[in-house]
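Peer 1: So that you can map any letter, position 284 of the sequence shown is 310 in our numbering, and since no number is skipped, the others follow by simple counting. Glycine included, C-beta positions come from ideal geometry on N, C-alpha and C. Below you'll find the structure I mean.
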Amino acid sequence: MGLRIVPGSANTVLAGAIAKSLDTEPVTCKLDRFPDGEMRPVVNPVRGDDVYVIQPTGPPVSDHLIELLLLLDACRRDGAGRITAVVPYFGYARQDRRGRSGEPVGARVAADALAASGAQCLVVVDPHSAALEAMCGIPVEILTAVPALAEALAPDVPGDAVVVAPDLGAVKLAKHYASLLQVAVVRKTRLTGATVRAEEIAGHVAGRPAIIVDDMISTGATIEAATQVVLAHGGTSVIVVAATHGLLVGGAARRLRGLPIRRVVTTDTLPQGRSAALALQVESVAPLLADAISRLHHNQPLAGLLART
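Shown next as structure tokens:
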């Protein structure tokens with residue numbers, strides 16, 4: 027089977043970079059829209075091919091998810107030999123359980139929809155919940171961008187730096203960033219989707235530079251709360267932030283600009299705009315995804331690329 031990269035509209039630059047790394051050209055796709063906004067993607071022939079549909083489901087999340095489902099179905103109906111959904115950022119992963127009666131499990135709904143639309147395998151990068159794999163009825167390969175982000179941070183990390191996890195869920199992530207550094211844990215309580223209250227800190231941060239790490243930066247509320255608690259406990263103003271997914275929505279850039287953060291390092295799982303007042307460094311996951319796709323295409327193991335569980 028020939029290897030084919032099918033780019034969705036959510037991140038065509040990343041899809042192009044992946045295709046270039048694999049020494050191939052992306053499949054031509056056209057996204058038509060009816061006057062009411064209904065999408066109708068058209069994919070050039072992929073019959074018999076090993077197809078990788080590249081589409082993060084970032085903002086607008088629902089539009090990009092529907093487009094991904096339609097692309098998968100188009101490839102299946104065209105007779106693709108094998109179809110893999112490459113979803114660098116998986117929207118709805120935060121909805122991995124019900125917080126109260128009457129709520130859906132959005133991650134399960136999205137996963138079922140991918141399988142029903144023709145995906146035979148799902149590739150994601152640092153999803154918000156590792157439980158995503160257990161929810162899917164198809165194989166899930168969870169890759170991690172942490173090594174690339176840690177390498178980008180390394181030149182500016184002094185020996186006394188401390189890695190800070192902004193909540194208990196990020197502790198494993200923090201340990202991955204700095205295996206031998208002491209890990210401080212900021213515990214937070216989420217009040218709403220955009221409001222976070224930091225309550226206490228465990229670990230010694232006084233007088234030490236801090237590296238705050240998380241899987242994503244959405245509104246920046248979590249980073250803001252963690253920064254304030256680190257400073258309140260005597261941490262220095264030498265603070266850098268690393269997160270795989272830079273959603274940066276809801277005034278996140280303004281919120282981060284108001285903090286003593288020297289640098290924010292993220293990846294291109296989602297398209298990144300530029301803010302002159304925000305020191306944003308973007309590392310590409312194209313080499314990571316290209317390597318994974320090449321190995322999958324040749325039925326080779328993904329050892330070394332997978333996230334720690």
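With three or more beta-carbon pairs closer than 8 Å as the criterion, would you say the region 140 to 151 touches the region 96 to 103?
Peer 2: Counting Cβ pairs under 8 Å, three or more are found: they touch.
Peer 1: Along the chain, where does the alpha helix (DSSP H) containing residue 119 start, and where does it finish?
Peer 2: Run containing residue 119: none; DSSP gives neither H nor E here.
Peer 1: Please state the DSSP three-state secondary structure of residue 206.
Peer 2: Per-residue confidence for residue 206 stands at a pLDDT of 34, beneath the threshold of 50, marking its modelled position as unreliable; no derived number is given.
Peer 1: Report the option in 180, 238, 176 and 182 whose CA atom is closest to the CA atom of residue 189.
Peer 2: It is 238 whose Cα lies nearest to the Cα of residue 189.
Peer 1: Restricting to Cα atoms, I'd like to know which of 171, 130 and 256 is closest to residue 314.
Peer 2: The shortest Cα separation from residue 314 among 171, 130 and 256 belongs to 171.
Peer 1: Using 10 angstroms around the beta-carbon of residue 324, count the other beta-carbons present and answer buried if the total reaches 16, otherwise exposed.
Peer 2: Exposed, since its Cβ has fewer than 16 Cβ neighbours within 10 Å.
Peer 1: Report yes or no: do three or more beta-carbon pairs, one from the region 263 to 281 and one from the region 238 to 247, lie closer than 8 Å?
Peer 2: As far as the Cβ criterion goes, the region 263 to 281 touches the region 238 to 247, which means the pair count is three or higher.
Peer 1: Which residues does DSSP list as the beta-bridge partners of residue 238?
Peer 2: Partner(s): 190 and 267.
Peer 1: In chain order, what residues of the same chain have a beta carbon less than 8 Å from the beta carbon of residue 70, not counting five sequence neighbours either side?
Peer 2: Within the same chain, residue 70 has close Cβ partners 53, 54 and 55.
Peer 1: Kindly indicate if chain C contains any beta-carbon less than 8 Å away from that of residue 136.
Peer 2: No chain C is part of this structure, which consists of one protein chain only.
Peer 1: Leaving out five residues before and five after residue 182 in sequence, what residues of the same chain have Cβ atoms less than 6 Å from its Cβ?
Peer 2: Around residue 182: no qualifying Cβ.
Peer 1: Kindly provide the ranges of any beta strand (DSSP E) runs that are 3 or more residues long and lie completely inside the region 88 to 149, ordered along the chain.
Peer 2: Fully enclosed beta strand (DSSP E) runs of 3 or longer: 108 to 113.
Peer 1: My understanding is that residue 273 touches residue 85, with C-beta atoms under 8 Å, so please give their C-beta distance in whole angstroms.
Peer 2: Their Cβ separation, rounded to whole angstroms, is 7 Å, which keeps residue 273 and residue 85 in contact under 8 Å.
Peer 1: Measuring straight from C-alpha to C-alpha, what distance separates residue 169 and residue 39?
Peer 2: In a straight line, the C-alpha of residue 169 is about 20 Å away from that of residue 39.
Peer 1: Give the C-beta separation of residue 312 and residue 328 to the nearest angstrom, bearing in mind that I take them to be a contact with Cβ-Cβ under 8 Å.
Peer 2: About 16 Å; that fails the 8 Å criterion.
Peer 1: Can you find the residues in the same chain that come closer than 6 Å, C-beta to C-beta, to residue 154, ignoring five residues on each side of it along the sequence?
Peer 2: Cβ within range, chain order: 119, 120 and 241.
Peer 1: Pick from 77, 34 and 165: whose alpha carbon is nearest that of residue 336?
Peer 2: As displayed, the chain neither begins before 27 nor continues past 335, which places residue 336 out of reach and without an answer.
Peer 1: Could you check whether residue 174 and residue 309 sit closer than 8 Å to each other, using their CB atoms as the reference points?
Peer 2: Yes, Cβ-Cβ distance for residue 309 and residue 174 is below 8 Å.
Peer 1: So, are the CB atoms of residue 196 and residue 148 less than 8 Å apart?
Peer 2: Not closer than 8 Å, so no.
Peer 1: Helix or strand or just coil, what does DSSP make of residue 195?
Peer 2: The answer is helix: DSSP assigns residue 195 an H, G or I state.
Peer 1: List, from N- to C-terminal side, the alpha helix (DSSP H) runs of 4 residues or more that fit wholly inside the region 31 to 94.
Peer 2: Here the runs fully enclosed are 38 to 47.
Peer 1: Can you name, in chain order, every residue of its own chain whose Cβ lies under 6 Å from the Cβ of residue 266, other than the five neighbours on each side?
Peer 2: Cβ neighbours of residue 266 beyond the five flanking positions: 237, 288 and 289.
Peer 1: Taking Cβ positions, are residue 292 and residue 269 nearer each other than 8 Å?
Peer 2: Going by C-beta atoms, residue 292 is nearer than 8 Å to residue 269.
Peer 1: Name, in chain order, the residues that DSSP records as bridge partners for residue 307.
Peer 2: DSSP, once it has assigned bridges, lists 291 as partnering residue 307.
Peer 1: Cβ of residue 67 within 8 Å of Cβ of residue 93?
Peer 2: Yes. Within cutoff.
Peer 1: Quick one: grab the DSSP three-state call for residue 164.
Peer 2: Reduced to three states, the DSSP call for residue 164 is coil.
Peer 1: Residue 180 and residue 191: beta carbons closer than 8 Å?
Peer 2: No; because the gap between Cβ atoms is not below 8 Å, this pair is not in contact.
Peer 1: Quick one: is residue 185 buried, meaning 16 or more other Cβ sit within 10 Å of its Cβ, or exposed?
Peer 2: So residue 185 counts as exposed.
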